[in-house]
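Written below as structure tokens is the structure these notes are about.
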Amino acid sequence: MDRKEARLKAQELVARMTIEEKASQLKFDAEAIPRLDIPAYNWWNEALHGVARAGTATVFPQAIALGAAFDTELMEEIGSCIAAEGRAKYNESKKHGDRDIYKGLTFWAPNVNIFRDPRWGRGHETYGEDPYLTSRLAVPFIRGLQGNGEYLKAAACAKHFAVHSGPEAKRHFFNAEASKKDLEETYLPAFEACVKEAEVEAVMGAYNRTNGEPCCASKTLMQDYLRGKWGFEGHYVSDCWAVRDFHENHQVTDRPEESVKMALEAGCDLNCGCTYQKILNAYQEGIIDEAYITESCVRLFTTRFLLGMFTETEYDKISYLEVESPEHLALAHRAARESMVLLKNDGILPLDPARLKTIGVIGPNADSRSALIGNYHGTSSQYITVLDGIRNIAGASCRILYSEGCHLWKENVEHLSSPEQMDRLSEAAAVAEHSDVVILVLGLDETLEGEEGDTGNSDASGDKQDLLFPLSQRKLTETVLQSGKPMVIVNMTGSAMDLRAADAQANAILQAWYPGARGGQDAAELLFGMASPSGKLPVTFYRGTEDLPDFEDYSMKNRTYRYYAGEALYPFGYGLTYGECRVESADCEKAASPDGRLEAVKITARIRNGGKMETEDVLQVYVKDLDYPGAVLHPTLAAFARVRLKPGEEKQIGLTVDRMRFTSVDEDGNRAIYGKHFELYAGFSQPDPRSEELTGQNCERMTVVL
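In terms of this note's numbering, the sequence shown opens at residue 190 and continues consecutively.
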């Protein structure tokens with residue numbers, strides 16, 4: 190069913206409703222209308238990295254980890270898998286008369302906000318700091334989720350529109366100020382791609398104001414960009430209780446009825462929250478025209494018709510056996526393997542259990558289920574922690590010693606000197622002393638970095654104050670290092686941390702993110718060489734926050750790899766493997782339309798694995814405008830491809846850099862190709878001195894004159 194047909198059906202149905210009935214459909218918990226055979230429907234459903242909050246489901250690695258995989262095909266497969274499990278659950282819930290929250294087909298994912306600052310607690314819900322990478326991963330995810338059948342398999346929702354990335358504690362009243370240049374260059378491109386390329390069915394507004402306008406009633410964002418410039422035809426949903434913020438926190442209105450008017454007239458069709466319960470009040474007062482209520486109702490029912498909710502569809506036959514099917518679990522396994530990033534390795538990895546008598550596994554995240562799953566997650570029928578994974582692989586051939594070492598987060602000095610903590614530290618020291626090698630598993634979980642209201646870190650409301658590990662973990666690390674034993678650090682966080690001490694003293698560091706319910710097995714398999722690490726950083730790992738701008742400053746100056754003037758500890762796009770992949774040569778050729786207009790530049794790269802182990806790696810192309818002074822400061826990601834190479838194998842890989850990658854944005858927000866001379870770089874990292882230092886490789890450079 191195409192949108193035109195679905196909208197006509199929606200118009201016909203809505204025309205039969207009373208004003209009271211139409212108003213009842215604009216809440217997230219839409220009421221049943223028995224006389225029209227319309228069942229109740231709850232629009233609130235989550236699927237950030239698997240069907241969430243609805244019972245058992247395949248729990249994939251957290252979104253930031255999926256970003257690190259740099260794999261577009263993987264994203265579409267994951268989206269399709271989530272939609273299948275969502276349909277399976279919807280079919281069963283409907284059969285059993287359950288129309289409650291989290292049981293529907295409208296999934297509020299993906300989160301395509303830009304992870305501009307590592308202190309933001311919700312950054313791990315995103316695909317990282319680069320708008321191009323974010324768009325290339327979000328588009329196939331949405332396509333997989335929505336499917337390509339006669340009806341939508343599920344409905345995706347791009348969020349949070351727009352210019353939203355903390356601070357969490359102030360989000361209900363915060364005004365994010367962004368220049369026209371930063372809007373067009375950083376904050377809006379991923380949303381535009383979701384709308385124009387993936388035809389995402391819904392967009393969710395953010396809590397904050399952007400340049401003075403509440404995001405859920407912003408003429409600039411919702412009318413000028415979304416429905417105007419981009420031609421969005423789906424429905425718009427508020428973040429939860431964001432409309433209430435209009436009068437309670439932003440104070441742009443005086444009472445709920447005025448907030449209803451403001452949101453509806455701007456085009457906010459669906460209210461997650463309670464304010465749209467006042468729609469009838471606003472209508473009866475005469476401050477809102479029924480036409481706005483009708484139009485929003487039509488948009489919402491257009492989505493329901495596109496989902497095939499009022500007829501039989503091919504998806505009705507999707508069985509509950511799709512939930513955690515062997516194929517879906519295998520996909521989660523693949524995703525976890527591809528996502529983990531090897532940051533340092535002096536040669537200690539991969540570990541050989543046959544040469545080890547005793548392995549010490551230490552740390553608060555070593556046996557933690559919470560550190561596997563991130564936030565907005567489902568429930569797994571099985572969890573495999575890092576400790577479990579190590580035991581599964583190495584336990585048969587060598588002794589595994591374990592110590593939690595410390596609590597995940599205890600900051601007070603009194604606790605650190607308490608008998609309990611001293612016992613934990615002495616146990617960790619004993620384990621290290623009696624081990625041939627120590628695997629120290631540190632990090633955070635959703636209680637320390639996450640969403641305001643959902644975390645235990647009340648002082649920062651989910652945001653991090655800095656990039657330091659909790660004091661208890663720093664003390665543990667010092668204790669273990671004193672043993673002098675070889676040490677591998679596994680860091681389980683959703684964001685950049687201060688790894689300077691680890692970089693200086695540990696033998697190896699593996700960034701495991703929040704790898705999914707069974708991701709501990711995948712981490713162990715990488716540590717023991719059953720596969721090669723191949724993930725790349727989707728964010729910059731800074732040395733600290735000392736030279737970063739204020740967290741509340743939304744200017745992109747000195748933020749992310751594209752604008753940062755300092756030297757990163759581990760740069761965006763960086764990640765080691767057990768192979769030795771390099772670009773042997775690279776050439777480029779311009780492709781033009783019949784009228785001579787540049788369409789793209791085609792890259793041909795010859796790559797080779799000079800190492801002794803088969804590996805996947807990510808070939809990356811960056812572009813830099815050499816002429817225009819207003820161009821992005823550093824070369825920016827313009828194309829990428831995940832490749833697999835056997836030892837000694839050579840391949841020729843073709844990549845296309847589309848016309849858009851050569852554009853820049855001026856101070857008035859106008860995007861165009863301003864320069865004539867461009868440099869292109871092809872390599873397995875970005876073309877910066879730190880990446881070259883860490884990898885020992887240079888990117889191949891090509892010059893293009895347009």
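Yeah, the Cβ is synthetic: ideal placement off N, Cα and C, and Gly gets one too.
When you compare each of the options to residue i by their alpha carbons, which one comes out closest?
| i | options | result |
| --- | --- | --- |
| C405 | Q710, G417, K450 and W419 | K450 |
| I582 | H596, L540, Q571 and K779 | L540 |
| C463 | E474, M686, G768 and D434 | D434 |
| K791 | G768, T845 and S354 | T845 |
| Q473 | Q809, Q251, Q662 and E447 | E447 |
| K342 | V630, I331, T666 and V203 | I331 |
| E511 | E281, D287, Q886 and G632 | E281 |
| C415 | L670, F380 and S586 | Note that residue 415 corresponds to Leu in the displayed sequence, not to Cys. L415 has its Cα closest to that of F380, out of L670, F380 and S586. |
| K385 | E889, N364, N400 and F421 | F421 |
| P722 | I208, V821, H823 and N534 | N534 |
| M719 | I579, D443 and A691 | I579 |
| V432 | F217, A794, M264 and V772 | F217 |
| I628 | L215, C587, L576 and L737 | L576 |
| L665 | Q610, M681, E638 and L715 | Q610 |
| T574 | R558, N680 and R588 | R558 |
| A794 | G800, L808 and T804 | L808 |
| L656 | L263, T734 and Q251 | T734 |
If I measure Cβ to Cβ from residue i and keep anything under 7 Å in the same chain, skipping five residues before and after, which residues do I get?
| i | result |
| --- | --- |
| L815 | G864, H866, F867 and E868 |
| F730 | A685, L688, A757, L758 and Y759 |
By the 10 Å Cβ neighbour count, where 16 or more other Cβ atoms means buried, how is residue i classified, buried or exposed?
| i | result |
| --- | --- |
| D145 | Since the first residue of the chain shown is 190 and the last is 895, residue 145 is not available in this structure. |
| S647 | Confidence in S647 is poor, its pLDDT being 48 and thus under 50, which makes the residue's placement unreliable; the coordinate value appears in the next sentence. With fewer than 16 other Cβ atoms within 10 Å, it is exposed. |
| V832 | buried |
| I253 | buried |
| E194 | exposed |
| D806 | buried |
| E769 | buried |
| G549 | buried |
| Q440 | exposed |
| N564 | buried |
| H285 | exposed |
| P608 | exposed |
| P878 | exposed |
| N554 | buried |
| L597 | buried |
| Q654 | exposed |
| V894 | exposed |
Specify, as a first and last residue, the run of the alpha helix (DSSP H) that residue i falls within.
| i | result |
| --- | --- |
| F829 | First-last for F829: T825 to L834, but that is the beta strand (DSSP E), not the alpha helix (DSSP H). |
| K664 | L660 to L670 |
| S721 | No alpha helix (DSSP H) holds S721; DSSP gives it neither H nor E. |
| H867 | Note on identity: in this sequence residue 867 is Phe, with His being the wrong assignment. From DSSP, F867 is part of no alpha helix (DSSP H) but of the beta strand (DSSP E) over H866 to G872. |
| V384 | P378 to K385 |
| E209 | I208 to S213 |
| L341 | Careful: L341 lies outside any alpha helix (DSSP H) and carries neither H nor E. |
| H436 | R433 to E437 |
Which residues share a DSSP beta bridge with residue i?
| i | result |
| --- | --- |
| S774 | R795 |
| V620 | DSSP output for V620 lists no bridge partner at all. |
| F350 | G394 |
| N534 | A697 |
| S853 | A861 |
| Q875 | Its beta-bridge partners do not exist; DSSP assigns none. |
| E805 | R833 |
| I477 | According to DSSP, which records beta bridges pairwise, I477 is partnered with nothing at all. |
| Y628 | Residue 628 is actually Ile in this sequence, not Tyr. Partner(s): V550 and V677. |
How would you write the range of the beta strand (DSSP E) that residue i sits in, first residue to last?
| i | result |
| --- | --- |
| V203 | V203 -> not in any beta strand (DSSP E); alpha helix (DSSP H) instead, spanning R192 to V203. |
| N234 | Neither: N234 is in no beta strand (DSSP E) and is coded neither H nor E. |
| Q412 | From DSSP, Q412 is part of no beta strand (DSSP E); its letter is neither H nor E. |
| K278 | No beta strand (DSSP E) holds K278; the alpha helix (DSSP H) holding it covers T261 to K284. |
| K840 | E839 to D847 |
| R588 | R588 to S592 |
| E447 | Careful: E447 lies outside any beta strand (DSSP E), inside the alpha helix (DSSP H) at P445 to A455. |
What residues in its chain sit with their C-beta under 6 Å from that of residue i, if we drop five residues either side in the sequence?
| i | result |
| --- | --- |
| T491 | A195, R196 and A199 |
| A455 | A406 and M411 |
| F363 | N397 |
| G709 | I573, T574, V575, D577 and G578 |
| I476 | K450 |
By Cβ distance, which residues of its chain are closer than 8 Å to residue i, with the 5 residues on each side in sequence left out?
| i | result |
| --- | --- |
| S650 | G310, P356, E357, A358, E641, G642 and T644 |
Within the present structure, is the beta-carbon of residue i separated from the nearest heavy atom of the ligand GDP by less than 7 Å?
| i | result |
| --- | --- |
| A524 | In the structure shown, the ligand GDP is absent, as is every other ligand, since no ligand is present at all. |
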